[in-house]
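A.B. asks: Sharing a structure here in structure tokens format.
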Amino acid sequence: MKRTAVLIFLSLSTISTLFAQTSIEEEYDLLTEHWLEASDVLKTYDGLGLLCNDAKFRNNTLEILSLIHHYDSVLLDLMKDPTVELEISSHEYRKTMKELQQFEAEYGVKSFVSFLKESCLSRRDLERNKEELQKASGMYSYDGQRLVLETKLGKFLKHIDKKVVSIDKHIHHIHPDQVKEVKLLSENHPN
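Those letters in the sequence shown? Residues 4 to 194, per my numbering, in order.
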């Protein structure tokens, strides 16, 4: 578990240097990959514990999600720009707009932080009452409550994963770098 977190942290440390030579499509691909790695860790009870107790892992995870939302907003602005002619079907346009708006509204950084705060508090309560809960049976036992928490966490993260991957596919259909010159976020940060 810690090894996975260290690998994610090390790979995140190289993001800014890699971004300097890439397009939005490549940056979003990289962010998607990093998000899916972090999400896989978070879907477990131990991964949640890592997020709750390790500020570096928590900050890196939030940074990934913030960057993803930044590029979603860039794409949304590009699609709303009446001077831009996109070479996609009206069906693809509507589908992309719907997914971007839904992702921004339902799975923003604030809702993610709020959900994880609630999950961390639940985890803390479980650990505090571990001895008592181990005497219970079924879903009221310690293991049962862990499973319930992991299931809720996995379900929430699965929705985010699906949206991130879907938006990544939309970005590859639109090719935003070919439509309009967009200043990459990484160009604002010197190496």
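Quick reminder that beta carbons are idealized off the backbone N, C-alpha and C, glycines included.
DSSP state of Ala108, grouped into three classes?
C.D. replies: In this structure, Ala108 counts as helix in the three-state DSSP scheme.
A.B. asks: Would the region 138-152 count as touching the region 26-43 if we require 3 or more Cβ pairs under 8 angstroms?
C.D. replies: Touching, no, given that fewer than three Cβ pairs across the two stretches are closer than 8 angstroms.
A.B. asks: With burial defined as no fewer than 16 other Cβ atoms inside 10 Å of the residue's Cβ, what is the status of Ser42: buried or exposed?
C.D. replies: buried
A.B. asks: Thinking C-beta only, is Val112 closer than 8 angstroms to His175?
C.D. replies: Their beta carbons are not under 8 angstroms apart, which means His175 does not touch Val112 by this criterion.
A.B. asks: Within the same chain, show all residues whose beta-carbon is closer than 7 angstroms to that of Phe106, passing over the 5 residues directly before and after it, in chain order.
C.D. replies: Asp75, Lys166, Ile170
A.B. asks: Count Cβ pairs between the region 50-64 and the region 122-132 that sit closer than 8 angstroms; are there 3 or more?
C.D. replies: yes
A.B. asks: Buried or exposed: where does Ile141 fall if 16 or more other Cβ atoms within 10 Å of its Cβ makes it buried?
C.D. replies: Before going further, note that residue 141 is Gly rather than Ile in the sequence given. Per the 10 Å Cβ criterion, exposed.
A.B. asks: Once DSSP output is grouped into helix, strand and coil, what is the label at Asp57?
C.D. replies: coil
A.B. asks: Can you tell me whether Asp146 is helix, strand or coil according to DSSP?
C.D. replies: DSSP places Asp146 within a helical segment (H, G or I) once states are collapsed to three.
A.B. asks: Which of helix, strand or coil does DSSP assign to His73?
C.D. replies: helix
A.B. asks: How would you label Thr64, buried or exposed, when you count the other beta carbons within 10 angstroms and need 16 or more for buried?
C.D. replies: buried
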